[in-house]
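K.L.:
Just passing along the structure, written as structure tokens.
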Amino acid sequence: MSDVGSGVQEIRIKDEAGIFRVLYVAKFEDAAYVLHCFQKKTQRTAKSDLDVASKRYAELVKEQKR
13 MSDVGSGVQE IRIKDEAGIF RVLYVAKFED AAYVLHCFQK KTQRTAKSDL
63 DVASKRYAEL VKEQKR
């Protein structure tokens with residue numbers, strides 16, 4: 013998920029309720045951060061979901077630099 017940010021990974025979950033994604037980053041010392049979770053309804057990941065994760069990643073990087 014380099015489109016979202018450096019080190020961002022994806023967990024894919026499929027069950028009887030549908031297909032879900034969890035975008036997270038674990039490259040910082042203090043914790044693993046979940047950036048966004050959502051249900052996939054189409055083959056492509058919606059731009060709005062990528063935008064949410066990207067914004068949260070940028071905020072996290074900014075906070076880590078303090």
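Heads up: the sequence shown runs through residues 13 to 78, numbered per our numbering. Where a beta carbon is used, it is the ideal one built from N, C-alpha and C, also for glycine.
On the three-state DSSP scale, how would you describe residue 26?
P.N.:
Residue state, collapsed to three classes: strand.
K.L.:
Tell me whether residue 65 is buried or exposed, calling it buried when 16 or more other Cβ atoms sit within 10 Å of its Cβ.
P.N.:
Its Cβ being crowded by 16 or more others within 10 Å, residue 65 is buried.
K.L.:
Going by DSSP, which residues form a beta bridge with residue 35?
P.N.:
DSSP lists 22, 48 as partners of residue 35.
K.L.:
How would you call residue 61, buried or exposed, if buried means at least 16 neighbouring beta carbons within 10 angstroms?
P.N.:
When all chains shown are included, residue 61 counts as buried.
K.L.:
Please list, in chain order, all residues of the same chain as residue 35 whose beta carbon is under 7 Å from its beta carbon, the five residues on each side excluded.
P.N.:
The residues are 13, 16, 20, 22, 47, 48, 65.
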